[in-house]
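Counting in the numbering used here, the sequence shown runs from 173 upward without gaps.
Reading through the structure tokens given below for one structure.
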Amino acid sequence: MSKRLISMALLAGLAAVIGLPAAAADYKEEYKISTVVPAPFPWGIAAEKWAELVGERTDGRIKMKVYPGAQLVSGDQTKEFTAMRRGIIDMAVGSTINWSPQVKELNLFSLPFLMPDYAAIDALTQGPVGERLFEILIENGVQPLAWAENGFREVSNSKHPIRTPDDLKGLKMRVVGSPLFNDTFTALGANPTQMSWADAKPALTTGAVDGQENPLSVFAIAKIYEVGQKNLTLWHYVADPLIFAVNQEVWDSFTPEDQKIVGQAATDAGATGIEIARKGLTGADNSAIQEVKALGVDVVELTDSERQAFVDATRGVYNDWKQKIGADLVDMAEKSIANR
Ligand code: X2X
């Protein structure tokens, strides 16, 4: 027997005597969870909740800690998935947008105007499309566990209200790192620049860019309205779900009981995260919109026909990316949404 095996056997014996699951002796001191934004953003809260629930339910045997700001990948959120796959980070609660450079199918959620409402997001994540995407993530070397939500992404700028595609003409827009966003904003006549979240607010502050797109919660909590972004259009053109996932080796090192605990905690934290992400934005409660209006933001809510003009202007991008993502998957998504 090797020294390591002997010491593991001894630890297992000791663990059995004091009533701990044997494999716990082999666990890391700390598991690092990567996110882009921290609490009190709904995204950061969801990740914190995951760590907290796992800590409670394993009596501290599994310690997870949230590292926000994509700091484990030097701020480059588009490298998060690769880092997780390689084990540089153990776990992540990541946006489908940030992982889509590596997992092209995740661009699905960034197809312009695919999802008209929250029921449509749920129809995808909670249906056969979500199952298929989780299979694809496993094929890509990580273990996905549950969904949460960043939210419907709305467009803001410092120049003027956006009501028609024409209003976007010539605006310099900060977009996230999937080429699909470049194509969408180019089709609308804007001038998109890809930039990490870390660089976005400085670029808005100096006027290097005129506008950006992010969920209302991010807009409000990051105080984007303070850096000249007084025009906000609620166009719900895309939404980015968040996925809880674990590096495959880390996942395999957990006992089946602990896998169950970590998975269930992700599901529970995801449900909390989704509830917070939608607060003030659903049903009769539009308090989140009222709050940004009270901060002096000019909020444009599009009529159906105004929205349709944006749908029409981006249809070519949709069709082009439908092929890139996989027409079968997009067909399945369209069907799930139609039947929601
Ligand atoms: O960078 C963004 O815009 C953010 C915070 O929404 C994501 O990470 C996708």
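Where a beta carbon is used, it is the ideal one built from N, C-alpha and C, also for glycine.
Model, not experiment: these values are computed from the prediction.
### Query
Just reading off the beta strand (DSSP E) that Leu317 is part of, what are its end residues?
First-last of the beta strand (DSSP E) with Leu317: Val314 to Asn329.
### Message
Taking the beta carbon of Pro374 as the centre, do at least 16 other beta carbons fall within 10 Å, making it buried, or is it exposed?
### Response
It is exposed - the Cβ of Pro374 has fewer than 16 other Cβ atoms within 10 Å.
### Message
Given the structure, does Ala372 come close to the ligand X2X, in the sense that its CB is under 8 angstroms from one of the ligand's heavy atoms?
### Response
yes
### Message
Alpha carbons only, please: which of Gly216, Trp222 and Asn403 is nearest the one belonging to Ala242?
### Response
Gly216
### Message
Could you check whether Met504 and Pro351 sit closer than 9 angstroms to each other, using their CB atoms as the reference points?
### Response
Not in contact: Pro351 and Met504 (Cβ atoms no closer than 9 angstroms).
#### Entry: Residue closest to Val399, alpha-carbon to alpha-carbon, out of Ser328, Glu307, Gln431 and Ala291
Ser328
### Task
Keeping to the same chain, check which residues put their C-beta closer than 6 angstroms to that of Gly361; ignore five residues upstream and five downstream.
Leu340 and Lys341
### Query
Taking the C-alpha atoms as reference points, what is the distance between Glu220 and Phe213?
The alpha-carbon separation between Glu220 and Phe213 amounts to approximately 11 angstroms.
### Query
With distances taken between CB atoms, is the gap from Ser272 to Gln249 smaller than 9 angstroms?
No. Outside cutoff.
### Query
Which whole-angstrom value is the C-beta distance of Ser459 and Gly468, which I expect to be below 8 angstroms?
With 8 angstroms as the limit, Ser459 and Gly468 do not qualify as a contact, their Cβ atoms being about 17 angstroms apart.
### Query
Anyone know if the C-beta pair for Pro387 and Glu326 falls short of 9 angstroms?
Less than 9 angstroms divides the Cβ of Pro387 from the Cβ of Glu326.
### For the ligand X2X, residues whose Cβ lies under 6 angstroms from any non-hydrogen atom
Val208, Val209, Gln249, Ser267, Ile269, Asn270, Asn322, Val348, Trp369, Asn386, Val390 and Asp412
### Message
One question on the structure: do Arg479 and Tyr290 come within less than 9 angstroms of each other, judged by their Cβ atoms?
### Response
no
#### Entry: Under the three-state DSSP convention, the category Arg233 falls into
coil
### Task
Can you tell me the Cβ-Cβ gap for Thr444 and Ala218, rounded? I've got them flagged as a contact below 8 angstroms.
6 angstroms
#### Entry: For Lys235 and Gly227, believed in contact at Cβ under 8 angstroms, the rounded distance
The beta-carbon distance between Gly227 and Lys235, rounded to whole angstroms, is 6 angstroms. This is short enough to meet the 8 angstroms contact definition.
### Task
Using alpha carbons as the reference points, say which of Ile310, Ala417 and Ala456 lies closest to Ala437.
Ala417
### Task
Could you check if Ser368 is buried or exposed, using at least 16 other CB atoms within 10 Å of its CB as the buried criterion?
buried
### Task
Rank Leu286, Asn354 and Leu343 by C-alpha distance to the C-alpha of Leu376 and give the top, closest one.
Leu343
### Query
From this set, Gly455, Met256 and Val347, which residue's C-alpha is nearest Asn363's C-alpha?
Val347
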